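Notes follow once the structure below has been shown.
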Amino acid sequence: MALLKYVENNKKSDNDWFRLESNKDGTRWFGKCWYIHEMLKYEFEIEFDIPITYPSTSPEIAIPELDGKTSKMYRGGKICLSDHFKPLWARNAPKFGIAHALALGLGPWLAVEVPDLIQKGQIVHKTLPSSIHVVQAMIIMAMIIMVGRSWQLLLLDLSIAPPLYSTLFWLLVQIRLEGAGKHVTSLCARIRDRGR
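In numbering that gives the first Met the number 0, the protein residues as written are 0 to 195.
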């Protein structure tokens, strides 16, 4: 009942941050949670089983895709709640339920760990180019700068550049070629279209 009210209140206040469903017996729960950081939505699969000793024992929430990326996680992607949340659960059992595990366990964990993992490069948003693509784009830009208007060299080997047809690469090219004239701009457009 508390979980339903929590979801309802979150939706009303436009603070919705997870979706959950359970198996037929209600013993296994799974779904998605998300965290907004610097205007980007990071989405993660979550899962947990209701322990046999529930409600005296809290569920162990897992985010499998983050397994091994932070020290505040156990094997299998189970988030570490032992220092802060488990003592709180023990003091308030059997009044606490799944809503409390999410609001007081998973929510604060995401708020602390996700920005840290993003800063360390452990998590990259799906719309951002990976660091290897950025490096490749910078190498190609250096080639363009060194070659100048001899674009034939750039056209010779596009096999190294398929991932470079990213927004970042073409933004860099556009910045470098601003005011370079219609010929160069149309040539870049042809190269870009060739990669699609």
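All C-beta atoms, glycine included, are put in the ideal place defined by N, C-alpha and C. Please read all numbers here as calculations on a predicted model, not as lab measurements.
**OP:** Would you check if the segment 58-65 and the segment 42-49 touch, i.e. whether three or more CB-CB distances between them fall below 8 Å?
**Re:** yes
Original post:
DSSP puts isoleucine 35 in a beta bridge; with which residues?
Top reply: Sequence index remark: in the sequence shown, residue 35 carries index 36 (1-based). For isoleucine 35, which the question treats as bridged, DSSP gives the partners Lys40.
**OP:** Would you please state the rounded distance, in angstroms, between the beta carbons of alanine 98 and alanine 1? I believe it to be under 8 Å.
**Re:** Working through the sequence shown from its first residue, we reach residue 98 at position 99. Working through the sequence shown from its first residue, we reach residue 1 at position 2. Right, their Cβ atoms sit about 4 Å apart.
Original post:
Which one or two residues does DSSP pair with serine 21 in a beta bridge?
Top reply: Against the sequence shown, residue 21 aligns to sequence position 22. Paired residue(s): Trp28.
Subject >> As assigned by DSSP and simplified to three states, the class of phenylalanine 47 >> reply: As a working note, residue 47 is residue 48 in the sequence shown. Of the three classes helix, strand and coil, the one that applies to phenylalanine 47 here is strand, per DSSP.
Original post:
Can you list, in chain order, the residues of its chain whose CB lies under 8 Å from that of lysine 31, leaving out five sequence neighbours each side?
Top reply: Mapped onto the sequence shown, residue 31 falls at position 32. Only Phe17, Arg18, Glu42, Phe43, Glu44, Ile45 meet the Cβ criterion.
Original post:
Are alanine 92 and proline 54 touching if we call contact CB-CB under 9 Å?
Top reply: Taking the sequence shown and counting its residues from 1, the one referred to as residue 92 is at position 93. Taking the sequence shown and counting its residues from 1, the one referred to as residue 54 is at position 55. Cβ distance < 9 Å, so alanine 92 and proline 54 count as in contact.
Original post:
Tell me, which residues are paired with isoleucine 78 by DSSP?
Top reply: What you label residue 78 is simply residue 79 of the sequence shown in a count that begins at 1. According to DSSP, which records beta bridges pairwise, isoleucine 78 is partnered with Met72.
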